[in-house]
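Trainee: Pasting in a structure now, in structure tokens, and then I'll have a few things to ask.
Protein chains in written order, with our numbering: chain A, 1 to 112; chain B, 1001 to 1113.
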């Protein structure tokens, strides 16, 4: 158990819809990362938050947005969903001064 | 632009032998490197890391070597075990806790009994 909790584990939705993925980081970790993994490919970095502020952005679509709340949990919002958005979405958290990040089990999103 | 490259998509090794997974990177600004192991439908699990100021780090059966001049690192697993069969990701990062981690494309390791 990494200590990072992601909900829901599975999500099936229709094209054009909007969904919210939730991540609770490890206790005390201020950094939260979001990654997308499509079709057993590598993990594509989407966005990073540190203590509520956006710190780094990757290949995140404009239809996607995220935020980190005062209690440090984070949400990834995906809107106007397309079939190609079907993927595993991972959240990771990292502690201050640490090199390693710890990953949750992921949310599998299926767009039909 | 793929900053972290794992050119071998797969590797097959006999149980008890050495597994060597390779990784190349292009950005000389990376401060540290990590290896993660991933089973299907699970999140990546941290294995071992190395700072850019070192050339070797060892943890049990896992050793990571870094050659900064060649922008190359490798993960050695000795002896390899069937339970090591998974996808291995090479990851690079910048200093501090506020920057992104860049994943390579992964290498699928199969350890044959």
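Note that CB positions come from ideal geometry on N, CA and C, so glycine has one too.
At the level of alpha carbons, what is the spacing between residue 34/A and residue 93/A?
Mentor: On the first chain, residue 34/A is found 34 positions in, with the first residue counted as 1. On the first chain, residue 93/A is found 93 positions in, with the first residue counted as 1. Taking the straight line joining both Cα atoms gives about 9 angstroms.
Trainee: By Cβ distance, which residues of its chain are closer than 6 angstroms to residue 1023/B, with the 5 residues on each side in sequence left out?
Mentor: By one-based count along the second chain, residue 1023/B stands at place 23. So the qualifying residues of the chain are 1006, 1073, 1090, 1104.
Trainee: Just to confirm before moving on: does the CB-CB distance between residue 1065/B and residue 1071/B stay below 7 angstroms?
Mentor: One-based indexing of the second chain puts residue 1065/B at position 65. One-based indexing of the second chain puts residue 1071/B at position 71. Going by C-beta atoms, residue 1065/B is not nearer than 7 angstroms to residue 1071/B.
Trainee: Does the region 45-55 of chain A come close enough to the region 100-108 of chain A that 3 or more CB-CB pairs lie under 8 angstroms?
Mentor: Contact fails: fewer than three Cβ-Cβ distances are below 8 angstroms.
Trainee: Find the nearest neighbour of residue 1034/B within the set 1058/B, 1011/B, 1015/B, judged by alpha-carbon distance.
Mentor: Position 34 of the second chain, counted from the first residue, corresponds to residue 1034/B. The residue with the shortest Cα to Cα distance from residue 1034/B is 1058/B.
Trainee: Give me the Cα-Cα distance between residue 19/A and residue 1101/B, rounded to the nearest whole angstrom.
Mentor: Along the first chain, read from residue 1 onward, the residue named residue 19/A stands at position 19. Along the second chain, read from residue 1 onward, the residue named residue 1101/B stands at position 101. Rounded to the nearest angstrom, the two C-alpha atoms are 25 angstroms apart.
Trainee: Tell me, which residues are paired with residue 1094/B by DSSP?
Mentor: As a position in the second chain, residue 1094/B is number 94, starting the count at 1. None; residue 1094/B has no bridge partner.
Trainee: Let me know if residue 1085/B comes out buried or exposed under the rule of 16 or more other beta-carbons within 10 Å of its beta-carbon.
Mentor: Taking the first residue of the second chain as position 1, residue 1085/B is located at position 85. Residue 1085/B should be labelled buried.
Trainee: Which residues in the same chain as residue 1051/B place their Cβ atom closer than 6 angstroms to its Cβ, once the five residues preceding and following it in sequence are excluded?
Mentor: Looking up residue 1051/B in the second chain gives position 51. Within the same chain, residue 1051/B has close Cβ partners 1032.
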